[in-house]
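Participant:
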Amino acid sequence: MNKDHTSETSTTQVMNAFERFTKRSIWPAYAGFWWALLYAVFVRFYEAAAGTIGGFGQLSDPDAFSLASYGAGVLIMICGFILLGLVKPWGLTVPVWVPHFRHKRIPRLFILIPTLFSSAMLIAHGTTGIVTKTLFLIGAIPLELQGWAVIDKERLAVWDLFFYEPWFLIMGILSGLAAAYYAHATGVMLPRFRQWVIRFVVIVSLLTLLLIASIVFGFSNILSF
């Protein structure tokens, strides 16, 4: 008993501040769930019903935009429930309605890889948008927008800068923190955890630089998402 307690204390002591934080912080999963739910309902589903938000201009194809917003809202809600599942017992095993695999434990990487990939995309998306919209507003770069017949670029850029892109950035951070908690809770060893953190930071950095370059140098239509 004392030996196990000593080992646990030693492991805790060698953790850095980020590792200690992610090991005990369950709240990012709950915050991410509500962050996703509120955005899906009050932004995406509203756009799907009304066709646009903010009055920035006239869409080229309002019906296609509404359909895309509805699909995005559903996907975002699903992602929110997935984050909730990272910290709930029902998120650790295959649901009972799945034949042949019911009640079996879901492989850790089956959850971590798509969650971390989504987190990286969200953070890169938000960071790229904040940087490029700022550059546009100060007159450093032009802004090419598709899907609009008439558009007030300045107003749309301000909307993106202070609402749309920060949502992506915050959602990505919450998702990444929830994934880190899940990694600790499912027994990922500390050396492996640190390797994953380093890889994640490198991938996010490279992806962000690539997306910023694609917009600044004019090949964003190839990489847009």
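Note that the working numbering gives residue 342 to position 121 of the sequence shown, counting from 1, and the numbers run on in steps of one.
For glycine and all other residues, C-beta sits at the position ideal for the given N, C-alpha and C.
Taking just the CA atoms, how far does Leu313 sit from Trp248?
Facilitator: What you label residue 248 is simply residue 27 of the sequence shown in a count that begins at 1. What you label residue 313 is simply residue 92 of the sequence shown in a count that begins at 1. Cα to Cα, Trp248 sits roughly 18 Å from Leu313.
Participant: Ala401 and Val168 - do their beta-carbons sit closer together than 8 Å?
Facilitator: As shown, the chain starts at 222 and ends at 446. That puts residue 168 outside it, with no answer to give.
Participant: Go through its chain and collect everything with a Cβ distance to Tyr260's Cβ below 7 Å, but skip five positions before and after it.
Facilitator: Locating residue 260 in the sequence shown gives position 39, where the first residue counts as 1. Ile297, Trp388.
Participant: Once you ignore the five residues that flank Leu288 on each side, which residues in its own chain have a CB closer than 8 Å to its CB?
Facilitator: On the sequence shown, position 67 is the one that residue 288 refers to. The residues are Ala269.
Participant: Assuming the contact rule is C-beta atoms closer than 8 Å, Ile344 and Val418 should be a hit. Round their C-beta distance to whole Å, please.
Facilitator: On the sequence shown, residue 344 is found 123 positions in, with the first residue counted as 1. On the sequence shown, residue 418 is found 197 positions in, with the first residue counted as 1. About 13 Å; that fails the 8 Å criterion.
Participant: Per DSSP, what kind of secondary structure is Val422 in: helix, strand or coil?
Facilitator: Walking along the sequence shown from the start, residue 422 turns up at place 201. If DSSP states are grouped into helix, strand and coil, Val422 belongs with the helices.
Participant: Which class does Thr353 belong to by DSSP, given the choice of helix, strand or coil?
Facilitator: Here residue 353 refers to the residue found at position 132 when the sequence shown is read from its first residue. In the structure shown, Thr353 sits in a helix (DSSP, three-state: H, G or I).
Participant: Excluding sequence positions up to five away, which residues of its chain have a Cβ less than 6 Å from the Cβ of Leu364?
Facilitator: In the sequence shown, counting from the first residue as 1, residue 364 sits at position 143. Excluding residues within five positions, the ones whose Cβ falls inside 6 Å are Phe357, Lys374.
Participant: Return the chain-ordered list of same chain residues with a C-beta closer than 6 Å to the C-beta of Thr336, the five sequence neighbours on each side being excluded.
Facilitator: Sequence index remark: in the sequence shown, residue 336 carries index 115 (1-based). Excluding residues within five positions, the ones whose Cβ falls inside 6 Å are Ala400.
Participant: Give the C-beta separation of Leu390 and Gly347 to the nearest angstrom, bearing in mind that I take them to be a contact with Cβ-Cβ under 8 Å.
Facilitator: The residue you call residue 390 lines up with position 169 of the sequence shown. The residue you call residue 347 lines up with position 126 of the sequence shown. For Leu390 against Gly347, the beta-carbon gap comes to about 3 Å, under 8 Å, which counts as contact.
Participant: Can you tell me whether Ser281 is buried or exposed? The criterion is at least 16 other CB atoms within 10 Å of its CB, across all chains shown.
Facilitator: To locate residue 281, count along the sequence shown from 1; it is residue 60. Its Cβ having fewer than 16 others within 10 Å, Ser281 is exposed.
Participant: Exposed or buried, which one is Ile433 when buried takes at least 16 other CB atoms within 10 Å?
Facilitator: Position 212 of the sequence shown, counted from the first residue, corresponds to residue 433. Ile433 is buried by the Cβ-count criterion.
Participant: Our contact map puts Phe277 next to Ile372 with C-beta atoms below 8 Å; I'd like the distance itself, whole angstroms only.
Facilitator: The sequence position of residue 277 within the sequence shown is 56, counting from 1. The sequence position of residue 372 within the sequence shown is 151, counting from 1. Under the criterion of beta carbons closer than 8 Å, Phe277 and Ile372 qualify as touching, at roughly 6 Å.
Participant: Span of the alpha helix (DSSP H) holding Leu382?
Facilitator: By one-based count along the sequence shown, residue 382 stands at place 161. Premise fails: Leu382 is in no alpha helix (DSSP H) and is neither H nor E.
Participant: With the cut-off set at 8 Å, would you say Leu395 and Ala252 are in Cβ contact?
Facilitator: As a position in the sequence shown, residue 395 is number 174, starting the count at 1. As a position in the sequence shown, residue 252 is number 31, starting the count at 1. Going by C-beta atoms, Leu395 is nearer than 8 Å to Ala252.
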